[in-house]
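The end of the sequence shown is residue 728 by the working numbering, with every number in the run present.
Here is the structure we will look at.
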Amino acid sequence: EVHVKEPIEKEVNPRLLPGELLLCEANTVYKYIQEDGSNRGTYGKLVCTNFKIAFLDDDSASDDNEPQFKNKIVGENDITLQCVDQIYGVYDEKKKLLTGQLRKYPEKLIIYCKDLRVFHFCLRYTKEEEVKRIVSGIVHHSQTPKLLKRLFLFSYASAAPNNTDGRNQTVMFDTLEDWRDELERTKGNVKYKAVTTNEGYRVSEKLPLYFVVPICVSEESILKHEGRGIPIWCWSCHNGAALLKMSAFPKEQDDSTSQMQKAFLDGIYKTVSKPPYELLKTDDLSSSLPSLQDIQTAYTRFKQLFLIDNSTDFWATDVKWFSLLESTNWLEIIRRVLKKAIEVAECLERQNTNVLLIEESATDLCCVISSLVQVMMDSYSRTKSGFQSLIQKEWVIGGHGFLDRCNHLHKSDKEEAPVFLLLLNCVWQLVQQYPPAFEFTETYLTVLSDSLYVPIFSTFFFNSQHQKDTNTSGESLKTQSGPFRFLTVWDWSVQFDPKAQAFLNNPLYAEKPKPDKSQRKTARFKHQRQLSLPLTQTKSSTKRGFFREETDHLIKNILGKRIGKFINSSDEPPNSFREFYDSWHSKPVDYHGLLLPRIDGPEIKVWAQRYLRWIPEAQLHGGGTIATAAKILDLMEEVQSLQVKMDEEHSQAISGDVHSVPMLRNSARLSSLFPFALLQRQSIKPALPTSTWKDLEDEDDLVKRDDEFVDLSVDVS
């Protein structure tokens, strides 16, 4: 049965950005509503431009459902071409992956997105010519290899007026002064110097124009091997120990070259190990952490758990949820990366030792570990502007190959790996374990992950500073010659209005007090242990189902790993590490000092907001952390209004000092995955066999046993 809504009569035209061109369109396309098993949906027009795929209908959101968190660039039914992951066609109820030239055109189109949305379009009622145009157009523009200059980034930069409000306090690290200021901020300028050796990229196109090296390293050494084998400074600890990184020499070399490179490295090591430098510890990340291929494989498996076609599929996989989650190995990779960052922090903090991270290019896992260490050890990196400056320093200017790793040009699947996403997942673990320590929220991290696929910002669309610089000069669309003026993603006003931007800021951030080193100030934030897997491995009845709304918070937000694997783990931390780790966790947390993530089994969780936000069955209406946040924000708003009244009465009215607090209307009806999920939607019972549904309904006793331990483990066999 198809619940048909009449086709739209009036003409609906897409809202185009500067430089955006309409390429093809199809009328009378039927978009299914994803969340239920019925064929409910709406008619509209499907269009493809040089920027996005968009579905247009005549449904204007009612006041009640008008999203408070709205992106000004990408709408709810818009998919940027870079955000398209895979496209499937349905032929006679069979799904087939669509790539390249098509001989036969499907009756239904399914688009899987990199932000984990899933769109279903029915083309049965669309004219045959329009079906051919729209399907081949979408497949061609989103799936086939393209040239860099064909990215919408360049069309937009040449056509859009540049009226951004500057750098937003984010340090861009594209000038020598920025590096010198960072050296001064971290007190690293005694032993390290910013160099201009690579001006004109005469050392290497992979290195930034300016970077920092130990004072004892000569310009000749830097020039000798195109920057390879040179320790490059990342950050200095308060005790003088520094975090460094190095691009390794290729492993397959002839003997004479290899001997020469070894001698060069020995000389460098001796130089930077002498006083005034601390002892040096080297760590080859290619042998101590998973390979990029392993990371890509794990993430590919992991994301499949969330690309749900319909309610029935969700419930069918749900009974195997924990075993499926564990088999992806994604959470184990996050745990290993966090563990490595703690090991580095121990060397810097407790052993007062310099740490040199080594990797083939020093632009992938080096970026992850160095960024994590700074987030854990430097409270400045936990502010919004500090975190953005950190991403600029270690990733954008540091030469992480965003273009290749995100496969924006569809040139080589072999180069693709979600390295930046891995960092955001690790930072999220810290944010959810220690909320008051961060000026930004998990919503900020989710939005940042989405911005990877919005090609109007240059931030995530080049492999290096050299590539960006060489492609910045170009012809404008208005026939005047001049350099492109790219936007930076850090100007959040481009995507969000001030009310929406308020959701990116943490209202409960514990701002840094005046320095007082004599005591630790606050009691440790208590973790919500009920959001983690039970610590006992027990076997449940095979009939027990998951996911009554009453037990939702005990399960899908659990999203940890079964602890057994970690207890028996062969790579259990050595004694010194475990002693450092346990000792720190036994003391109250200083939100402006060192932060160590909890990494034992159930403490590593799935980033629910990012991965579950489009799945209605995984949402709690009027529940989750947003329910608590809504109450706190109400109180804050009341306190602020009282403060304003008091100031007015004393004729000291303040202007501009009151931080905007997001208004949460109808908070009782908000989804636990707000602000991405809409207000409460009706969800129907899944189309499961009657016996299975009966098992689910027999669990009313769970409600009455709210404070008891409930056995929710699964029979993995």
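Where is the CB? At the ideal position from N, CA and C, for every residue including glycine.
In this text, all values refer to a predicted model and were calculated from it rather than measured experimentally.
Looking from the CA of D295, the closest CA among A170, L367, I279 belongs to L367. Proximity to L187 across K616, K404, A259 peaks at K404, based on C-alpha coordinates. For N418, the three-state secondary structure derived from DSSP is coil. Around V214, the same chain offers T208, I233, L234, E237, G238 as residues with beta carbons nearer than 8 angstroms, after the five sequence neighbours per side are excluded. Cβ atoms of L349 and Q440 come within 8 angstroms of each other, at about 6 angstroms. Taking the CA atoms as reference points, E31 sits about 6 angstroms from N61.
For Y203, the three-state secondary structure derived from DSSP is strand. As for any beta strand (DSSP E) of minimum length 3 sitting wholly inside the region 101–135, the runs are 105–108, 119–124, 129–133, ordered along the chain.
Ranked by Cα distance from R496, the first of K83, C124, N38, F165 is F165.
Ranked by Cα distance from D96, the options F80, E87, R128, K119 are led by R128. When the beta-carbon positions are compared, W246 and S381 come within less than 9 angstroms of each other. Segment contact: the region 139–153 against the region 78–89, fewer than three CB-CB distances shorter than 8 angstroms; contact not assigned. Within the model, the alpha-carbon separation for K642 versus Q651 is close to 14 angstroms.
In this structure, the straight-line span from the alpha carbon of N88 to that of C378 is close to 34 angstroms. The beta carbon of L432 sits closer than 8 angstroms to those of Y310, S460, L463, all from its chain and outside the five residues before and after it, given in chain order. With contacts defined by Cβ atoms closer than 9 angstroms, T457 and W618 form a contacting pair. Exclusion of the five residues before and after S338 leaves R312 as the residues of its chain whose Cβ lies within less than 8 angstroms of its Cβ.
Our two residues, A428 and L653, have alpha carbons roughly 51 angstroms apart in a direct line.
When DSSP states are grouped into helix, strand and coil, N436 belongs to the helix group. Sequence-distant partners of I345 (beyond 5 residues in either direction) whose C-beta falls short of 8 angstroms from its own C-beta, in its chain, are L433, N436, C437, Q440, I615. Rounded to the nearest whole angstrom, the CA to CA distance from Q476 to L290 is 32 angstroms. Between the region 391–399 and the region 276–290 there are fewer than three C-beta pairs closer than 8 angstroms, too few to call the two in contact. Put simply, the backbone Cα of P613 is about 49 angstroms away from that of N38.
Contiguous beta strand (DSSP E) elements confined to the region 228–265 occur at 243–247, 253–258, taking only those with 3 or more residues. In summary, S423 is exposed, with fewer than 16 beta-carbon neighbours lying within 10 Å of its beta-carbon over all protein chains present.
In the displayed model, G409 falls within coil according to three-state DSSP, outside both helix and strand. When secondary structure is reduced to three states using DSSP, G211 falls in the helix class. Exposure of D266 is indicated by the presence of fewer than 16 other C-beta atoms within 10 angstroms of its C-beta. Sixteen is the threshold: when 16 or more other Cβ atoms of the shown chains lie within 10 Å of the Cβ of G55, as they do, the residue is buried.
Residue environment: P524 is assigned as exposed (fewer than 16 neighbouring CB atoms within 10 Å of its CB, all protein chains considered). Per DSSP, D658 lies in no beta strand (DSSP E) segment; the continuous alpha helix (DSSP H) that holds it begins and ends at 636–660. Here P219 is buried. Its C-beta has 16 or more other C-beta atoms within 10 Å. For the set T155, Y43, N50, L92, the Cα lying nearest the Cα of A65 is the one of L92. Within the same chain, Cβ atoms closer than 8 angstroms to the Cβ of L158 are found at L420, the five residues on either side in sequence being excluded.
According to the DSSP secondary-structure assignment, P29 is paired through a beta bridge with no residue. Between A448 and E360, the CB-CB gap reaches or exceeds 9 angstroms.
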